[in-house]
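Line by line, the protein sequences give chains A and B.
Residue numbers for the first sequence follow the working numbering, so the first one is 1 and each next one is one higher.
Residue numbers for the second sequence follow the working numbering, so the first one is 1 and each next one is one higher.
Here is the structure we will look at, set down as structure tokens.
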Amino acid sequence: MRKKLMIILGAALIAGCGTTGEPEQSGAPVEDRDAKRVDGTQVKPVTADDQMGTALAAVRQGVLAKRSVFFDYDSFVIKDEYKSLVEAHARFLVANPKVKMLIQGNADERGSREYNLALGQKRAEALKKMLLLLGAREDQIEAVSLGEEKPRCSESNEACWSQNRRDDMLYTGEF
Amino acid sequence: MMTALKRAAFALFALALSLAAQAQLTIEITGAGANRIPIAIADFAGEPGVARAVAMVVRADLERSGLFRLVEAGAPLAENAAVNFADWKSRGTDALVVGSVTPTANGRFEVRFRLHDVQKQASLGGLAYVMTAQQGRTTGHRIADYVYEKLLGEPGIFSTRVAYVVKSAGRFELQIADADGMNAQTALASKEPIISPAWAPDGGRLAYVSFESKKPVIYVHSLASGRRHVAANFKGSNSAPAWSPDGRKLAVVLTKDGASQLYSVNADGSGVVRLASSAGIDTEPFFSPDGQFIYFTSDRGGSPQVYRVPSTGGEAQRITFEGSYNVTPRLSPDGRSMAFVTRNNGRFQLALMDLASRQTQILTDSDKDESPSFAPNGRMILYASEIGGRGVLAAVSSDGRVKQRLSVQAGDVREPAWGPFLKN
């Protein structure tokens, strides 16, 4: 599933690996037909390549390999069944203060994309808050939202939507 | 007699047409106005290939608007030809366009046209353009704009552009096409989603949200150069950019202080200022055309509803009250009405509110409408919808009568944004 992220890096942690660099821009030449347009409406194409990180070994094993928390419809409450999972991740963050986590909140597809982005953010913030209460540090965790843009399941029914209302936890090197 | 030069020019013109056809948005008319103006657009006289192509663009533009009915025009008629008004009247047309295409130096062409009012038996004027063979479509759109404005009293939008996102097999492309769906060009290609494109008032830049760094970040992208810069990349999510009418600022949604809240930022990314505060979600800002207010979606009252706040900050005022889901406010260019998406018995539909009377009309009969965007003359509203599980774009006139559907052959189309008038 997240295979492309699971690139092994020995034991070293790269704490400074972040998400904020200016993305690479291609210098692809403009096609001839665009260049011939003289009315100022030519569009130069750009390719955005995501930066691939390198993952930690420890978080690929045991309970830490479980990274998702699912939510009820219109809800932002972490359900009891996920408490032990969240506690395990909190313990790992506390024990490894240089490790950073990106929480990606998600929403189902119904309604406005931007409003769903805000709903996903609320879910990500809820998990972040719980991890902080369990001892993780503010500067270790970034809560962001992917809204409805990265569905795990793409059919329009409740079984599918319930998989898309979730938080995913990514560790240093995976984002 | 066709010289080698002219043949080459025509071949180039045909090539430009066929290249554009591969990536084009296909536009179907699915509803038309009640009183369409009958108009005849004769083939232009002169250089046959170019002349026919220009007239075809004018016809297609006017017909697609849903406000004109094409009357068969027969043989080519030159711009200065004597018009037999009685004959045209008997053919049932109210207006007639005639024109000529003449080769000039350097392989260019002069296109002259004239619009006649058949009822009044008078010329309504005309213009001349000098163009290259590749500019036949651009010239056709300008002629259609002229005819449209003379006959309807409002500017035409045939020379404007639209932006939208195409999703196909793990690839997202932000594309820019002419308002007729032709000439689609990719401004940005990415493996990660791109949402919320917003045209700067200058028509040369777009702000949008890209997920290429695993989180939403706002960019401002100059189309001609392909240069772009980050306008907002704070801790958390950065989304929903909206340009101020003067093009200097963006209203954006940031989560750097917790929940999704409204901020203002200069287009270069400097000068972040909080615009409003709530305990819940504030998102989807949109400036009123006079720059006085920012309309936005907020769940501060328990369900997502439209509010507005003075653009310099201040107290929020609730705008929508009916129903439990009213989102994505987009004001008409004249500032008098507001398009938004409402949930109506579980269906997400496009609605239009008259802001003075607060009267609301639902304009569509589909299930998954989103992201409305007004044409710069206010006549049509472009929006995203879904047919058979596939993303399509559709447009509806603000009176709900004219309907169009826009789709691409392979892929989902979504997130449309209609560009501004081009400043000449």
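C-beta atoms are modelled at their ideal positions from N, C-alpha and C, and glycine is treated no differently.
For Leu406/B and Arg60/A, I'd like the C-alpha separation in whole angstroms. 45 Å
Pull up the DSSP beta-bridge partners for Ser68/A, would you. Asp168/A
Who pairs with Leu250/B in a beta bridge, going by DSSP? For Leu250/B, which the question treats as bridged, DSSP gives the partners Trp243/B and Val265/B.
Taking the continuous beta strand (DSSP E) assigned at Glu284/B, which residues delimit it? Asp282 to Phe287
Contact with chain B by Ala64/A, beta-carbon distance below 8 Å: Checking the sequence, you will find Leu at residue 64/A rather than Ala. So no, Leu64/A is outside the interface.
Can you tell me whether Asp334/B is helix, strand or coil according to DSSP? coil
Separation of Asp290/B from Ala179/B, as counted between CA atoms: 25 Å
Can at least three beta-carbon pairs, one atom from the segment 265–273 of chain B and one from the segment 91–111 of chain A, be found at a separation below 8 Å? They do not touch, by the three-pair rule.
Proximity winner among Pro416/B, Phe109/B, Leu67/B and Pro201/B, relative to Val165/B (alpha-carbon distances): Answer by Cα proximity: Pro416/B.
Which word fits Phe113/B, buried or exposed, when buried means at least 16 other C-beta atoms lie within 10 angstroms of its C-beta? With 16 or more other Cβ atoms within 10 Å, it is buried.
Between which two residues does the alpha helix (DSSP H) carrying Gln121/A extend? Arg113 to Leu133
Residue-level contact to chain A via CB, Ile218/B, 8 Å cutoff: no
Residues that Pro103/B bridges to, as DSSP identifies them: Phe109/B
Give me the Cα-Cα distance between Glu138/A and Pro45/A, rounded to the nearest whole angstrom. Glu138/A and Pro45/A: Cα-Cα distance of roughly 38 Å.
What's the call for Val86/A, buried or exposed, on a 16-neighbour Cβ count within 10 Å? buried
Can you check which of these residues, Thr320/B, Gly391/B and Ser260/B, is closest to Gln359/B by C-alpha distance? Taking only the C-alpha atoms, the option nearest Gln359/B is Thr320/B.
7 Å Cβ shell around Glu149/B - same chain, five flanking residues per side excluded: Pro155 and Gly156
Any beta carbon from chain D within less than 8 Å of Ile281/B's own beta carbon? The chain inventory of the structure shown lacks chain D, comprising the protein chains A and B.
For chain B, is any of its Cβ atoms less than 8 Å away from the one on Gly111/A? yes
Are the segment 322–341 of chain B and the segment 351–365 of chain B touching by the rule of at least three beta carbon pairs closer than 8 Å? yes
Determine the direct distance from the alpha carbon of Val63/A to that of Arg166/A, and round the result to whole angstroms. 17 Å
Spatially closest choice to Asp367/B from Val402/B, Gln349/B, Met131/B and Ala224/B, by CA coordinates: Gln349/B
Taking beta-carbon pairs under 7 Å, can you tell me which members of the segment 68–81 of chain A lie near chain B? none
Check whether Lys425/B and Gly346/B have beta carbons under 8 Å apart: With chain B covering 1 to 424 only, the question about residue 425/B has no answer from this structure.
In this structure, does DSSP put Arg91/A in helix, strand or coil? helix
Buried or exposed: Arg152/A, going by 16 or more other Cβ atoms within 10 Å of its Cβ? The residue is exposed, with fewer than 16 neighbouring Cβ atoms inside 10 Å.
Beta carbon proximity, Tyr171/A to chain B, threshold 8 Å: no
Measuring only between beta-carbons, confirm whether Pro29/A sits less than 8 Å from chain B. Note that Pro29/A has pLDDT 36, beneath the 50 cutoff, so the model's placement of it is unreliable and no number is given.
Per the contact definition of three or more C-beta pairs closer than 8 Å, is the segment 120–131 of chain B in contact with the segment 24–41 of chain B? No: fewer than three Cβ pairs fall under 8 Å.
Chain-order list of residues whose beta-carbon lies under 6 Å from that of Pro329/B (same chain, five-residue window excluded): So the qualifying residues of the chain are Phe286, Tyr295, Val306, Met338 and Phe340.
Are the C-beta of Ala118/A and some C-beta of chain B separated by less than 8 Å? Yes - at least one Cβ of chain B is within 8 Å of the one on Ala118/A.
Assuming Pro310/B and Leu117/A are in contact, meaning their beta carbons sit under 8 Å apart, how far apart are those beta carbons, in whole angstroms? Rounded, the Cβ-Cβ distance is 25 Å, inconsistent with contact.
Is the Cβ of Leu382/B closer than 8 Å to any Cβ of chain A? no
What does Ile387/B reach in chain A if we use C-beta pairs closer than 7 Å? Those do not exist, as Ile387/B stays about 13 Å from chain A at its closest Cβ, beyond 7 Å.
Chain B partners of Leu146/A, CB-CB under 7 Å? Phe211
What distance in whole Å lies between the Cβ atoms of Val50/B and Gly136/B, which are believed to be in contact at a cut-off of 8 Å? 6 Å
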